[in-house]
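What follows is one structure encoded as structure tokens, with my remarks underneath.
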Amino acid sequence: MGNFVCLSNRIAGCRFSIHPMRDDFIDIITTALKEVDTSKVWVQTDDVSTLVRGRIAHIFDVTKALYLHAAKTGAHVAFEATYSVGCPGDTAGDVFMAEDDVVLNKETVDSIKQETSTKFALYPLGGGQYMDQIYAQIEAMKDHGVEVSGTHYATRLDGEAVNIFNGLEKVFIDMEESGSSHTVMTVSMSANSPSTKGGKANE
Ligand SMILES: Cc1ncc(C[n+]2csc(CCO)c2C)c(N)n1
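Using the UniProt record's numbering, the first residue of the sequence shown is number 1, and each one after it goes up by one.
So, in structure tokens, the structure goes:
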């Protein structure tokens, strides 16, 4: 994301899966992986998920682009991701730390309109005031033009996927800048779902 300056050189990463609910799911996943420029992250895809590691700006740029390329096919797409920065048990390997925060996919991706339902949960690890940090970041998400609502164990975000990813990136940057030693965030997204938004499956 180009709008924020990432002050940290710490390794960030995201392990995520995209599940398109359509017969051509292989094509949707593999085409999205080819369409996205991943040259500023370390990337590894296997039969379960894809792992990207590098600077925060590129981790969000690449995951946002992959989600949007898959969702723009019109298929019902689910995205499950765990973002992490500053893991004390981490190794310095399996990473590509680009020389700058100049992102490679923003220009092609930020014009894609894609309404998206999201639930995210923030886990500031290793600090005492974790509930205050979580509440502050939920409040901050309201500055990104998305609808923010509470639910059990997560916060729901409804709006444009680009705004949601940008807001989540800002959450991560803020956590880094406030000195959090290790931050984890889980994200579930759904695009083009045939279900009623916010409706309960058992109703
Ligand atoms: C982002 C992401 N990476 C990997 C997979 C696992 N996966 C399931 S089907 C398929 C294509 C055929 O091999 C792959 C790679 C996923 N679902 N989403």
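We put the beta carbon where it would ideally sit given N, CA and C, even for glycine.
- Anticipated Cβ contact below 8 Å, valine 52 with isoleucine 59, distance rounded: Taking the sequence shown and counting its residues from 1, the one referred to as residue 52 is at position 52. Taking the sequence shown and counting its residues from 1, the one referred to as residue 59 is at position 59. Between isoleucine 59 and valine 52 the Cβ distance is about 6 Å, and since that is below 8 Å, they are a contact.
- Item | glutamate 35, DSSP secondary structure in three states | Within the sequence shown, the letter at position 35 stands for residue 35. Note: glutamate 35 maps to helix in three-state DSSP.
- Over what stretch of residues does the beta strand (DSSP E) that includes isoleucine 112 continue unbroken? In the sequence shown, residue 112 corresponds to position 112, counting from 1. Per DSSP, isoleucine 112 belongs to no beta strand (DSSP E) and is neither H nor E.
- Message: So for histidine 152, helix, strand or coil by DSSP?
- Response: Stepping through the sequence shown from its first residue, residue 152 is reached at position 152. Coil.
- Message: Based on DSSP bridge pairs, tell me the residues matched to glutamate 160.
- Response: In the sequence shown, counting from the first residue as 1, residue 160 sits at position 160. Looking at the DSSP assignment, glutamate 160 forms a beta bridge with Glu115.
- Message: Considering Cα atoms alone, identify which of Cys87, Glu177, Gly198 and Met97 is closest to lysine 119.
- Response: By 1-based counting over the sequence shown, the position of residue 119 is 119. Lysine 119 has its Cα closest to that of Gly198, out of Cys87, Glu177, Gly198 and Met97.
- Message: In the DSSP assignment, the alpha helix (DSSP H) including phenylalanine 60 goes from what residue to what residue?
- Response: Indexing the sequence shown from 1 puts residue 60 at position 60. 56-71 is the extent of the alpha helix (DSSP H) around phenylalanine 60.
- Query: How do the stretch 59-68 and the stretch 27-36 stand: do at least 3 beta-carbon pairs fall below 8 Å, yes or no?
  - Reply: Because the criterion of three Cβ pairs below 8 Å is met, the stretch 59-68 and the stretch 27-36 touch.
- Go through its chain and collect everything with a Cβ distance to asparagine 9's Cβ below 8 Å, but skip five positions before and after it. As a working mapping, residue 9 is identified with position 9 in the sequence shown. Result list for asparagine 9: Arg55 and Met97, in chain order.
- Task: Using three-state DSSP, classify asparagine 9 as helix, strand or coil.
- Result: Sequence index remark: in the sequence shown, residue 9 carries index 9 (1-based). Residue state, collapsed to three classes: coil.
- Task: Please report how far the alpha carbon of valine 187 lies from the alpha carbon of threonine 91, in whole angstroms.
- Result: The residue given as residue 187 occupies position 187 in the sequence shown. The residue given as residue 91 occupies position 91 in the sequence shown. A direct Cα-to-Cα measurement between valine 187 and threonine 91 gives close to 24 Å.
- Between which two residues does the alpha helix (DSSP H) carrying methionine 141 extend? Sequence index remark: in the sequence shown, residue 141 carries index 141 (1-based). Looking at the DSSP string, methionine 141 is not in any alpha helix (DSSP H), and its letter there is neither H nor E.
- Message: So, does the stretch 103-117 touch the stretch 179-194, judging by three or more C-beta pairs under 8 Å?
- Response: Short answer: they touch.
- Near ligand 1: isoleucine 173 beta-carbon under 7 Å from a heavy atom: Here residue 173 refers to the residue found at position 173 of the sequence shown. For ligand 1, not one heavy atom lies less than 7 Å from the Cβ of isoleucine 173.
- Query: Where does threonine 108 fall in DSSP's three states?
  - Reply: Counting from one through the sequence shown, the residue named residue 108 turns up at place 108. Three-state DSSP puts threonine 108 in a helix.
- Task: Give the DSSP-derived three-state secondary structure of alanine 98 in the structure shown.
- Result: Locating residue 98 in the sequence shown gives position 98, counting from the first residue. In the three-state DSSP reduction, alanine 98 falls in the coil class, being neither helix nor strand.
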